[in-house]
Amino acid sequence: MTSQMLKEACAASERVAFQLTQDQERFAELGALLRANPPRSAVTVARGSSDHAAAYLAYLMMARTGCLTASLPMSLVTLNQAPLQVQNTLAVAISQSGQSPDVVEPLRYFSANGATTVALVNDAASPLAEAAQWTMPLHAGPELSVAATKSYITSLSAAARLVAHWQNDAALLDALQRLPDDLQVATQQAWDKAIEEFEKGYTFTPDSDNALFDYDQEIQPLLSSMEATKFEKIIEKGLMNKYIEIYSDVVNIINNKNKERFKNILRQNARLQDSAVNDIPNIKRSAYNAY
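Okay, so the sequence shown: first residue is -1 according to our numbering, each after it adds one.
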C-alpha cells in the first residue's frame, strides 16, 4: 500500500516544475535589487526541517556570493528582544505554514529595521508572507502527511532560484530547469539498499568527526512538540532554565537506550501530558504549525 507521505514525496518533481513557471519576474527583480545593493550580511530564520533547507541556502549564498550568513537562534527577538542591528542585512525566512511566531516576529522586526526580507513560504496568505517585503510562494500544494516532503524539496529549489537570480547565473538557472526530470528519475530508483541504514535511526553529522546522533522517528516528533510549546507559559511557570536543560540534554542522546530517559525529561520539565508524549501522531499534528 502506498502511503500518503510517499505520494507527496513523489509529487515533488511536479511541484518543482510548477514552481519554476511561477514568480519569474519577481525573482528577477529581487536578484537585480541584491546586485544593485549587495547586503553586508545575511540571516536565515527557520525551524525544524525548514532550518535544514535554510542551511542549504546559507551554504549557497556564502559559497557563491561571499555574503556571510548566519542562522538566527530562537527567541532572540520574541523573548529577549535583542537590539539587533540589521541595516543592510538580507533576512530569509523559510516555512511550510508561515505560522510560527518565532519565525514571523523576527521577520517583522527585520522588515521594520532596515533589512531586506524574503519569505520562502508555502502558504502565501500566512502571517509570515505578510511580514516579508518579498514573498516567494513554494507552490508545494497541501502537505497532508505532516512530515515535510515536497515542501522541503520546493524550499531547496526556491533557495537555489534566489541565489541564481541574485548572481544572474544563466548556467544555474538552466540547471534548475532540468531538476524536475532528475527528481522524477529519482522516484523510480530502487532504494531498498538504503532501508537497512535508515532503520538504524542514525545520521552522520557533518564536521563532527563522523559523530553519530540518535534522530529516529520518535525523538523528532518530541523535539517538534517542544518547539510548538508556548514560550510565554514556560516563562510564567519559571521553567525557562529547565527548558534550556532539556535542549542541552538532547546533545547527549546518542543511542536508543536513552529514549525513555528523554521522554521522562520531557514529562517532568516541559509538563507534557503522558498521553501526548505517547501519542506520536498527535504530537506531530500539534507541532505542524511550528514549521
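Using N, Cα and C, we set each Cβ at its ideal position, and we do this for glycine too.
| Query | Result |
| --- | --- |
| Sequence-distant residues of the same chain with beta carbon closer than 6 Å to residue 117, five excluded per side | 91, 126, 127, 130, 133 |
| Which of helix, strand or coil DSSP assigns to residue 72 | coil |
| Segment limits, beta strand (DSSP E) that includes residue 89 | 87 to 93 |
| Cutoff 6 Å; reference residue 108; Cβ partners in own chain excluding five residues on either side | 84, 89, 115 |
| As assigned by DSSP and simplified to three states, the class of residue 84 | coil |
| Which of helix, strand or coil DSSP assigns to residue 1 | coil |
| Whether residue 147 touches residue 7 by CB criterion (8 Å) | yes |
| Beta strand (DSSP E) runs contained entirely in the segment 94 to 127, provided each spans 3 or more residues | 114 to 119 |
| Between the CA atoms of residue 44 and residue 16 - distance to the nearest angstrom | 24 Å |
| Pick from 37, 82, 13 that is closest to residue 64, judged by C-alpha positions | 37 |
| Per-residue DSSP class, three states only, for residue 178 | helix |
| Distance, residue 110 Cα to residue 218 Cα | Its pLDDT being 44, under 50, residue 218 is placed unreliably in this model, and the value from its coordinates should be taken loosely. Between residue 218 and residue 110, the C-alpha separation is close to 34 Å. |
| Endpoints, alpha helix (DSSP H) assigned at residue 34 | 22 to 34 |
| Candidates 70, 46, 72, 40, of which the one nearest residue 58 by Cα | 40 |
| Rounded Cβ spacing between residue 149 and residue 136 (contact assumed at less than 8 Å) | 6 Å |
| Extent of the continuous beta strand (DSSP E) to which residue 39 belongs | 39 to 43 |
| Between the CA atoms of residue 158 and residue 26 - distance to the nearest angstrom | 13 Å |
| Opposing strand residues paired with residue 132 [DSSP bridges] | 116 |
| Buried or exposed (CB count within 10 angstroms, at least 16 for buried), residue 290 | Since the first and last residues shown for the chain are -1 and 289, residue 290 lies out of range. |
| Per-residue burial, residue 5 [other beta carbons within 10 Å of its own, 16 or more giving buried] | exposed |
| Buried or exposed (CB count within 10 angstroms, at least 16 for buried), residue 30 | exposed |
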